[in-house]
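For the protein sequence lines, the chains are Z and S, in the order given. Those letters in the first sequence? Residues 847 to 1234, by the numbering used here. Those letters in the second sequence? Residues 2 to 339, by the numbering used here. Note that beta-carbon positions come from the ideal geometry of N, C-alpha and C, so glycine has one too. Here the structure is laid out as structure tokens; the discussion comes afterwards.
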Amino acid sequence: MDFRLGDKSEVLRKEAREFLREVLTPEMVEECYRTGVMHNVEFTKAMRDKGWLAPGWPVEYGGQGRDPIEILALSEEMARAGAPTYGIGTTMMIAWVINMVGTEEQKREILPKALAGDIVIALGFTEPENGSDAAAAATRAVQSDEGWTINGSKMFTTNAHIADYVFMLARTDPDAPKHRGLTTFLVPMKQEGVEVQPVFTLSGERTNITFYNDVFVSDQWRIGEVNAGWRVMSVAFEREHSAAFVGEQERLLDHVVAWARETPGEDGLPRIEEAGVRERIGRAATEIEVSQLLQRRTAWMSTVDLPTHMKGSMSKLFSSERLERQAADFVEMLGPDGVRGRGDPTAPANGEIEHALRHSKGTTIYAGTSEIQRNIIAQHELGLPRPK
Amino acid sequence: MDLRLTEEQQQLVEAFASLYADAAPSDRVRSAEPGGHLPELWDRLVATGAVEMAVPEDAGGGGASLLDLALVAEQHGRAVAPAPLIEAQVAGRLLSRLPAGADALAGVIAGNRLVTVGVRPARDGVATLVPGGAVADAIVALDEDRLVLVPVPEGTRHVVNTGAMPLADIAIGADATELATGADALAAYAIALDEWRVLTAGALVGIAQRALEIGVAYVKERHAFGQPIGGFQAVAHRLADRATEVDGAQLLTREAAWAAAEDPQRAPELAAMAFGFAADTARDTTYYALHFHGGYGFMLEYDAQLYFRRARAWAGVLGEPRDAYRRVSDLRYAAVGA
């Protein structure tokens, strides 16, 4: 056994830290908080110049051919620094889908722009009436001579207001079983009939609801075969399930430790001297180690061609649940001052801990709720029957 | 990064799995209660070299790495084996690091002397709740800043305990011999304790893993309200959480064992993490494995309770998981005024 990530990963990690120190200015971070948008054009271009928009893609497709373990080192550093990578993540996820199942024309049109950081693609899976049950999508796409007419709405289309496209899951055969009547489209946002309304969230992140009223999309923008949308989605979902929140936990603990070292308790000693504070810090450090190991295992398994599906669910489940618990625990540890919110000059640790409480709540919901992850583990890892 | 076991390690795991299956099936684990020691199992372990292998080669042993021993400990835990193997391995390694321990070590390697180690410093001249102490010939104990070898007096009382372990409170008498003093004693004891933490974590992982299997098998088989109870999400989701924690505890414990040789700087911190997390995991996993048996889980006849009790007691002789987490914080962030 060898638990080291390896020299290539550690070199990349160091490079990422230097890059973030230089490029991710306090103003940029502040702007993310102020606007609630985790996408920044300047940052994206800097990432592009490093070749880090698609570090894991093969070199012949414009990537750097890095293995999943190297990419882990990179994404851990991005999350730990709070870098605005959300728009990059969704854009490159869909660019990869197009690379895998798109037509030559679609690849020519989309891939160079995605790799250049010139476009943003938002995700249109969830709807007001369905979330975890993504295959229940009710938004309709009806074929006409030249293309498709789309009617419906999509919820949590984060970044849709700055996006060039929404990658949309729509129902094309209402009579087929629900997984077999879906088709995916890349809907240009400038198309007539698309309307974006902001939705504000607990963490301060801005997302959207998007409405589609008789939106015409030419057949050129259909991704994959008609009624094969669920298969296309699995290409995208496979990557989302391996999401883990290691850097976020590290970031939270960094703030907590700094606070506990410099803040005196009632006895005048720094609060890190208190047994209860040390216990909480040590527990969080341990959970971070476990989160990291679960995530690294998933990455490692994919390098040796082992199936990672339920192991990725474990990684996502554990890291998000523990992040959420830690944030709640640390806010309580702050005492009454824990309620002083981000943005207030008197907030402990510049409000980062209070913000983590808000932010962490979303992590057990998006990218497959904890309940969905537990279903996957129960059925595929433990072999338990599907719930009736 | 590579999480695969070597071929030798796989063989080691298989060899011990079959030894335990043969010499310590659950009816024999029961028959060894409450004393918690199966002499036939102990003889098999000694004969197969399970103690000797832990001692470094230059001290006459088999030179197994802590990772090899952790893999054995997982199998030991899966069987909830009634034998003080981990304590004997740790004591053997400890003796091998102390010139004054040579005589005792010779008996350990020859297999005719059972020596274990007290995992908490003695208080008022008594080493308390010494694992294996009730069946050992001698124990190694830390008394203030002296590391001593204490012969276990004839007729030493077995302490009745949650996990049916062969525990004893052992007074450090005039016949104790000094193995080391001062900083040397403290340093040697600290290494031994970290090794015990890692190996016990390995055993706790084994307990948790096997308890999960027992629980999962039962909820697939038991029907209520017209379906297997494993189909109810209230049951399935808790088991999914436990499966996740068991995987995490195993990875963490193996990492801690690996770090003893490969990343010594982080090894103490990882040992504390592994102990705390494996203890939490074994406690929670055995709780749900038993609970989902309903009333049967409460019956002594079912195996779930064997695991439930040992998960608590094997870790409990050192301390609660919270102690381990405080230790993690102290090792990493060195308390300011300490």
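Exercise. Whose C-alpha, out of Y288(S), V329(S), G216(S), V217(S), is nearest the C-alpha of L271(S)?
Worked result: Position 270 of the second sequence, counting from 1, holds the residue named residue 271(S). The option with the nearest alpha carbon to L271(S) is V329(S).
Exercise. So, does the CB of T287(S) fall closer than 7 Å to a CB anywhere in chain Z?
Worked result: Locating residue 287(S) in the second sequence gives position 286, where the first residue counts as 1. Taking Cβ atoms only, chain Z never reaches closer than 7 Å to T287(S), which makes this a no.
Exercise. Hey, would you say E1094(Z) sits closer than 7 Å to A925(Z), going by beta carbons?
Worked result: For the purposes of this step, residue 1094(Z) is taken as the residue at position 248 of the first sequence. For the purposes of this step, residue 925(Z) is taken as the residue at position 79 of the first sequence. In contact: E1094(Z) and A925(Z) (Cβ atoms closer than 7 Å).
Problem set entry | Span separating the alpha-carbon of D1010(Z) from that of A960(Z) | Along the first sequence, read from residue 1 onward, the residue named residue 1010(Z) stands at position 164. Along the first sequence, read from residue 1 onward, the residue named residue 960(Z) stands at position 114. D1010(Z) and A960(Z) have their C-alpha atoms roughly 11 Å apart.
Exercise. If you count every other CB in all the chains shown that lies within 10 Å of the CB of Q1172(Z), and 16 or more means buried, which is it?
Worked result: Locating residue 1172(Z) in the first sequence gives position 326, counting from the first residue. Counting Cβ neighbours within 10 Å, Q1172(Z) comes out buried, since at least 16 surround it.
For this session: Would you mind working out which of P35(S), V109(S), Y334(S) sits nearest E1120(Z), comparing C-alpha positions?
Result: Stepping through the first sequence from its first residue, residue 1120(Z) is reached at position 274. The residue with the shortest Cα to Cα distance from E1120(Z) is Y334(S).
Exercise. What residue ranges within the segment 931-990 of chain Z form continuous alpha helix (DSSP H) runs of no fewer than 4 residues, ordered along the chain?
Worked result: Fully contained in the segment 931-990 of chain Z are the following alpha helix (DSSP H) runs of length 4 or more, in chain order: 932-947, 950-961.
Problem set entry | Where T1265(Z) meets chain S, residues with beta-carbon distance less than 7 Å | Outside the displayed range of chain Z (847 to 1234) lies residue 1265(Z), so it cannot be described from this structure.
For this session: Classify R1232(Z) as buried or exposed, calling it buried when 16 or more other Cβ atoms lie within 10 Å of its own Cβ.
Result: The residue you call residue 1232(Z) lines up with position 386 of the first sequence. Exposed, since its Cβ has fewer than 16 Cβ neighbours within 10 Å.
For this session: Kindly indicate which residue of V109(S), V91(S), M2(S), A202(S) has the alpha-carbon position closest to the one of F276(S).
Result: Counted from its first residue, the second sequence places residue 276(S) at position 275. Ranking V109(S), V91(S), M2(S), A202(S) by Cα distance to F276(S) puts A202(S) first.
Exercise. If you drop the 5 nearest sequence neighbours on each side, which residues of the same chain put their C-beta closer than 6 Å to that of L1163(Z)?
Worked result: What you label residue 1163(Z) is simply residue 317 of the first sequence in a count that begins at 1. Cβ neighbours of L1163(Z) beyond the five flanking positions: S1216, Q1219.
Exercise. Any contact of the segment 116-128 of chain S with the segment 158-172 of chain S, i.e. 3+ C-beta pairs under 8 Å?
Worked result: Touching, per the Cβ criterion.
Problem set entry | Contact set for G64(S): own chain, Cβ-Cβ below 8 Å, skip 5 residues either direction | If you number the second sequence from 1, residue 64(S) lands on position 63. The residues are M54, V56, P57, E58.
For this session: Out of S999(Z), Y932(Z), R1097(Z), Q989(Z), point me to the one whose CA is closest to I1134(Z)'s CA.
Result: As a first step, residue 1134(Z) is located in the first sequence; it is residue number 288 there, counting from the start. The residue from S999(Z), Y932(Z), R1097(Z), Q989(Z) with its alpha-carbon nearest to that of I1134(Z) is R1097(Z).
Exercise. Would you say the segment 12-29 of chain S touches the segment 234-249 of chain S, given that touching needs at least three Cβ pairs under 8 Å?
Worked result: Result no; under three Cβ-Cβ pairs closer than 8 Å.
Exercise. Along chain Z, in chain order, which residues have C-beta atoms closer than 7 Å to that of R323(S)?
Worked result: What you label residue 323(S) is simply residue 322 of the second sequence in a count that begins at 1. Neighbours of R323(S) on chain Z, chain order: E1125.
Exercise. Hey, does H1087(Z) have any beta-carbon neighbour from chain S nearer than 7 Å?
Worked result: Reading the first sequence from its first residue, position 241 is the one you call residue 1087(Z). At H1087(Z), the pLDDT of 46 sits below 50, so the modelled position is not reliable; the number obtained from the coordinates is stated separately. Contact with chain S is absent for H1087(Z), since none of that chain's Cβ atoms lies less than 7 Å from the residue's Cβ.
For this session: Tell me whether H1087(Z) sits in a helix, a strand or coil according to DSSP, three-state version.
Result: Counting from 1 along the first sequence, the entry for residue 1087(Z) is found at position 241. In this prediction, H1087(Z) has a pLDDT of 46, which is less than 50 and means its spatial position is unreliable; nothing more can be read from the coordinates.
Exercise. Going by beta carbon distance, what residues of the same chain come within less than 6 Å of A862(Z), once the five residues before and after it are set aside?
Worked result: Taking the first residue of the first sequence as position 1, residue 862(Z) is located at position 16. Excluding the 5 residues flanking it on each side, A862(Z) has same chain C-beta neighbours closer than 6 Å at L920, E923, in chain order.
For this session: For M1160(Z), name the three-state secondary structure that DSSP assigns.
Result: The residue given as residue 1160(Z) occupies position 314 in the first sequence. The three-state reading of DSSP puts M1160(Z) in helix, counting H, G and I together.
For this session: Verify the contact flag: P914(Z), CB atom, against every heavy atom of the ligand COA, threshold strictly below 6 Å.
Result: Looking for the ligand COA in the displayed structure turns up nothing, as the structure carries no ligands at all.
Exercise. Does DSSP put V141(S) in a helix, in a strand, or in coil?
Worked result: Here residue 141(S) is taken as the residue at index 140 of the second sequence, counted from 1. In the structure shown, V141(S) sits in a strand (DSSP, three-state: E or B).
Exercise. Of all the CB atoms in chain S, is at least one closer than 7 Å to the CB of A1224(Z)?
Worked result: The residue you call residue 1224(Z) lines up with position 378 of the first sequence. Interface flag for A1224(Z) against chain S is set, since a Cβ pair is found closer than 7 Å.
Exercise. Near P122(S), which residues of its chain fall below 7 Å by C-beta distance, leaving aside the five closest residues on each side in sequence?
Worked result: Working through the second sequence from its first residue, we reach residue 122(S) at position 121. Excluding residues within five positions, the ones whose Cβ falls inside 7 Å are L143.
Exercise. How about V1185(Z): is its C-beta nearer than 7 Å to some C-beta of chain S?
Worked result: Taking the first sequence and counting its residues from 1, one reaches residue 1185(Z) at position 339. Not one beta carbon of chain S lies nearer than 7 Å to the beta carbon of V1185(Z).
Exercise. For the segment 1029-1070 of chain Z, which segments carrying the beta strand (DSSP E) assignment without a break, of at least 3 residues, lie completely within its bounds, in sequence order?
Worked result: Here the runs fully enclosed are 1040-1046, 1052-1064.
Problem set entry | Through-space distance from L42(S) to D1(S), alpha-carbon basis | The requested residue 1(S) is not part of the displayed model; chain S covers only 2 to 339.
Exercise. What is the rounded straight-line gap between the Cα of G1070(Z) and the Cα of G948(Z)?
Worked result: Start at 1 with the first residue of the first sequence, and residue 1070(Z) comes out as number 224. Start at 1 with the first residue of the first sequence, and residue 948(Z) comes out as number 102. Those two C-alpha atoms are separated by around 6 Å.
For this session: Kindly indicate if chain S contains any beta-carbon less than 7 Å away from that of I915(Z).
Result: Here residue 915(Z) refers to the residue found at position 69 of the first sequence. A Cβ of chain S is located within less than 7 Å of the beta carbon of I915(Z).
Problem set entry | Minimum Cβ-Cβ distance from W1105(Z) to chain A less than 7 Å | Among the chains of the structure shown, chain A does not appear; the protein chains present are Z and S.
Exercise. Does the beta carbon of G232(S) come closer than 7 Å to any beta carbon on chain Z?
Worked result: As a working note, residue 232(S) is residue 231 in the second sequence. Yes, contact with chain Z.
Exercise. Taking Cβ positions, are L1140(Z) and M1156(Z) nearer each other than 7 Å?
Worked result: Numbered from its first residue, the first sequence carries residue 1140(Z) at position 294. Numbered from its first residue, the first sequence carries residue 1156(Z) at position 310. Here L1140(Z) is not near M1156(Z), since their CB atoms are 7 Å or more apart.
Exercise. List, in order along the chain, the chain Z residues whose C-beta lies closer than 9 Å to that of L6(S)?
Worked result: In the second sequence, residue 6(S) corresponds to position 5, counting from 1. Using a Cβ-Cβ cut-off of 9 Å, L6(S) is close to M847 of chain Z, given in chain order.
Exercise. Got a sec? Which residues, its chain only, sit under 7 Å from A314(S) by beta carbon, not counting five neighbours each side?
Worked result: Here residue 314(S) refers to the residue found at position 313 of the second sequence. Answer for A314(S): N162, T163, G164, M166, listed in chain order.
Problem set entry | Enclosing alpha helix (DSSP H) for F299(S) [first to last residue] | Numbered from 1 along the second sequence, position 298 holds the residue referred to as residue 299(S). Counting along the chain, the unbroken alpha helix (DSSP H) around F299(S) starts and ends at 296-299.
Exercise. Cα separation between H1087(Z) and L46(S)?
Worked result: Counting from 1 along the first sequence, the entry for residue 1087(Z) is found at position 241. Counting from 1 along the second sequence, the entry for residue 46(S) is found at position 45. Its pLDDT being 46, under 50, H1087(Z) is placed unreliably in this model, and the value from its coordinates should be taken loosely. Those two C-alpha atoms are separated by around 44 Å.
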